[in-house]
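Protein chains in written order, with the working numbering: chain Z, 5 to 307; chain L, 61 to 733. For reference, the structure is listed below as structure tokens.
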Ligand code: SF4
Ligand code: SF4
Ligand code: SF4
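Take a look at the structure:
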């Protein structure tokens, strides 16, 4: 179903949601945008945040065996980040904490009309999605709203016309026009174990783990005990990730660990699930302190 | 909720936004500000904050009863502390007390602790870990430039054409400065690394000088020799802006590359190449403990300052001298005068004018005699000259050389109070333990390595009955009859900014938007220091001859042991060793030994070997590697299980009183042999 809401009313809509739910969205803290709880509609800005909202469904560090799942609504999610949850579902779907939160955390994606700096989402799903809870597109004085879920529909919504949809399509096409689409042709078959990039990257990678933490599709975790049992995000770049008893390690050097990260995304996951474990959000590129770039890996196979 | 704050680990001072529900951290987000961490963090930033919510946090004051600790009320704790410290002071004089401040705590905390020592307990015996890391920087740069801090800014790194990194494993200890250097070098800038170890930066170095630990001064003098010899020095700069060039020239004349090569083990051609490269570019020199932790630490720092002046590489954009400060706030705690020989703002205690300012402000007399330094406090305690000690947030049992001596010293005290966030190896020896806030519960300021005073903001509720460090000092002062009336940490900053020239006029409002770099003028940063003239006026060349370290390799002890930190751990591990992933990555001590040395001694990788020095011995796993050259072994100091500081020497730099942790002569034996 299609609606639209004027930008003026949109703030009131956010206030309405805040009256009924806990609402999160991009918020400006100092000079940065982070997902945080919104106190009123005015605080909302449709700006790409430093990190994806992965943490709201899959926290960086959580106590296990503890039920504190509350219904929240997250506004201003970028489509690349949103699309990633569909992939996480295939892996973490059987996890009770993950699947509970997946049910009660509602993410509304906002379609980009300008490309972001490092993103390459048009290589995969692009800024407009086929599946969503509520998809918002900025069409000037209005947001176009696409949804099949009537729970969040409100009196402030107006009927949208086909012309409105046309504008929305046109606006998102801008991203396709300006963003370079990478050639993924048979990449999973062509990409080899050997690639001079692994060594090159390993010279400068500082093992910060950020590429994993910032990735909306990375799902690996570690579990530890400290009175209670906790689970935290892990990083395959770290040696301890693959360390076995007696200090044996199948990936003893950094180049092999970097290879694992890229091959998992671009080969192994594809072989298992028939899609690349990447939405082209560009977050790992942006967050890497030393500019290690997954696009270079893709281009090294398919120039 | 979300709060902007600063990473509590290294001196880079990365800005972070923490999302929390005040009981637990929900997420950590790096700030994208370009002038510091450009949206990135190292692993300690990403993973290292979670200790603040650890259940082992101290929640109640404790006192020791028959070797066990029992919980007591704050009233009783403060009474006990005051009664005992006062007794010692009355009986033996103020000199029998000693205070240790902390580079992990805020400027406000440190300022009040040294005020407590000086005003309330009438002693200059207050010091902190800057003594063991950058005391020689303070002396070395004050005597040459007039100011003991990084002359340039993190952002300005991008404007240089060459980086000369000596004695700093930057990608591990200041990772987000290390990564900035790497990015610039990949963009065509040049890099010279001087380090005995093959550290990560050497992957990108145009020149790697692998000198023997403890020979830095000979190396630096030789570089100066070449620059003078080839006429590559900046005559105009030297003439207009410096004094003492002639004397400098005479001394470095002694260090032609051939001679220096025999001392340092570096080929003369490499020294020459490095000298030419450094002198012909806009260059910044970075250094850290590899330079400072020597008996000639002060001279090493001066030699670096000399090089910068010689080539005019200071006081301009893209140039400078950059001591990398290890702790989040070791710059600030030094600025605050938590030093036995300096009052806040680096006024020497024997400077009558400087002292008068504080005597008036605090309405007390301050001794003109420097107090006892951190390293010496333990000697004094062993000799029975110091009877009472107050330690805030430091763990000298692991961090100071000759651990066993430190333990003995602590046991000998009549009274020890430790104020910390966790039980530590040092707190075990305390009579009273006071539970303090961590950075996560505090409002206050840290000053990073580029002199930037930054606000930290509370994002967690304090555990149990823990208290803010400065509030505890205020309670003690009150009980001692001094009414301090600080309502909050900002009141303290207001006092600081009225007394410390570098912090003049600073208030929390002007720190709101990203902080300011001292010397602060009208709430504005000084990004690059010594622009028109040096703080001291004319820069002073301070040349010195290289002297062999008091301990060097010989027949009996043929190896040099050098110590340091590793990426995943921080200092004595009070924080990092409680973090699952950090501990997983680096769970145990090791000693790096060169492959050929290992072969000739018959040592296998992972085999436990014995390191024996003149001060003790320890067993530790060997890590056979080519990171270290032959004849040199390296060991991190984080681990109580194999504390390298059991066997390091405590020879001091006579000026800065910094111990020579980077050079200890050892021999190696196989345990099974
Ligand atoms: S990759 Fe960039 S342009 Fe594409 S959806 Fe994500 S944020 Fe928008
Ligand atoms: S973000 Fe970059 S530096 Fe950090 S672990 Fe990933 S590849 Fe390495
Ligand atoms: S570089 Fe330093 S300040 Fe930045 S995250 Fe790492 S430890 Fe913290």
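Ideal placement from N, C-alpha and C gives every residue a C-beta, glycine not left out.
query	result
Pick helix, strand or coil for residue 398 of chain L, following the three-state DSSP scheme.	coil
In chain order, what residues of the same chain lie with their CB nearer than 7 Å to the CB of residue 715 of chain L, ignoring the 5 residues before and after it?	199, 358
Is residue 257 of chain Z buried or exposed, if buried means 16 or more other CB atoms sit within 10 Å of its CB?	exposed
At a Cβ cut of 9 Å, what residues of the region 73-94 of chain L count as close to chain Z, listed as they run along the chain?	75, 77, 79, 84, 85, 86, 87, 88, 89, 90, 91, 92, 93
Is the Cβ of residue 213 of chain Z closer than 7 Å to any Cβ of chain C?	Note that chain C does not occur in the displayed structure, where the protein chains are Z and L.
Let me see if you follow: with CB-CB separation under 7 Å, is residue 55 of chain Z close to chain L or not?	yes
Is the separation between the beta-carbon of residue 380 of chain L and that of residue 344 of chain L shorter than 7 Å?	yes
Going by CA-CA distance only, name the one from L/327, L/623, L/371, L/419 that's closest to residue 278 of chain L.	L/327
Check whether the region 626-637 of chain L touches the region 664-673 of chain L, taking contact to mean three or more Cβ pairs, one atom from each stretch, closer than 8 Å.	no
Buried or exposed for residue 107 of chain Z, please, with buried defined as at least 16 other CB atoms from any protein chain shown within 10 angstroms of its CB.	exposed
Rounded to whole angstroms, what is the Cα-Cα separation between residue 723 of chain L and residue 141 of chain L?	39 Å
Run through chain L and tell me which residues come within less than 8 Å of residue 238 of chain Z, C-beta to C-beta.	641
With 16 other CB atoms within 10 Å as the buried threshold, where does residue 175 of chain L fall?	buried
Less than 7 Å between CB atoms is the rule here; does residue 228 of chain Z satisfy it with respect to chain L?	yes
Which runs of the beta strand (DSSP E) spanning at least 3 residues fall entirely within the region 346-397 of chain L, listed in chain order?	380-383
Tell me the residue span of the alpha helix (DSSP H) that contains residue 475 of chain L.	Looking at the DSSP string, residue 475 of chain L is not in any alpha helix (DSSP H); the run it does join, the beta strand (DSSP E), is 475-480.
Counting only Cβ-Cβ distances shorter than 9 Å, please list the residues of the region 62-80 of chain Z near chain L, keeping chain order.	63, 64, 65, 66, 67
Is there a Cβ from chain L that is less than 7 Å from the Cβ of residue 38 of chain Z?	yes
Return the CA-CA distance between residue 218 of chain L and residue 363 of chain L, expressed in angstroms with no decimal places.	24 Å
Are there 16 or more other CB atoms within 10 angstroms of the CB of residue 82 of chain Z, so buried, or fewer, so exposed?	buried
Report yes or no: do three or more beta-carbon pairs, one from the region 489-502 of chain L and one from the region 521-528 of chain L, lie closer than 8 Å?	yes
Measuring from each Cβ to the nearest heavy atom of ligand 3, keep the ones under 5 Å and list them in chain order.	L/67, L/69, L/70, L/72, L/74, L/101, L/102, L/104, L/105, L/235, L/236
Roughly how many angstroms lie between the CA atoms of residue 73 of chain L and residue 340 of chain L, to the nearest whole one?	31 Å
What is the residue span of the beta strand (DSSP E) that residue 231 of chain L lies within?	No beta strand (DSSP E) contains residue 231 of chain L, which is instead part of the alpha helix (DSSP H) from 230-233.
For chain Z, check one thing: does any of its Cβ atoms lie closer than 7 Å to the Cβ of residue 679 of chain L?	no
At which residues does the alpha helix (DSSP H) containing residue 287 of chain Z begin and terminate?	287-291
Give the single residue among L/552, L/360, L/516 whose Cα lies nearest to the Cα of residue 575 of chain L.	L/516
So for residue 629 of chain L, helix, strand or coil by DSSP?	coil
Give the straight-line distance between the Cα atoms of residue 152 of chain L and residue 477 of chain L, rounded to the nearest whole angstrom.	18 Å
Does residue 34 of chain Z get closer than 7 Å to chain L when you measure Cβ to Cβ?	yes
Would residue 523 of chain L count as contacting chain Z if we go by Cβ distances under 7 Å?	no
Mind listing the chain L neighbours of residue 59 of chain Z? Cutoff is C-beta to C-beta under 7 Å, in chain order.	86, 87
State yes or no: is the C-beta of residue 320 of chain L nearer than 6 Å to some heavy atom of ligand 2?	no
From this set, L/86, L/449, L/106, which residue's C-alpha is nearest residue 46 of chain L's C-alpha?	Look at the range of chain L in this structure, 61 to 733, and you will see that residue 46 of chain L is not part of it.
Does chain Z have any CB closer than 7 Å to the CB of residue 62 of chain L?	yes
Can you confirm whether residue 235 of chain L, when its beta carbon is compared against all beta carbons of chain Z, has any partner nearer than 7 Å?	yes
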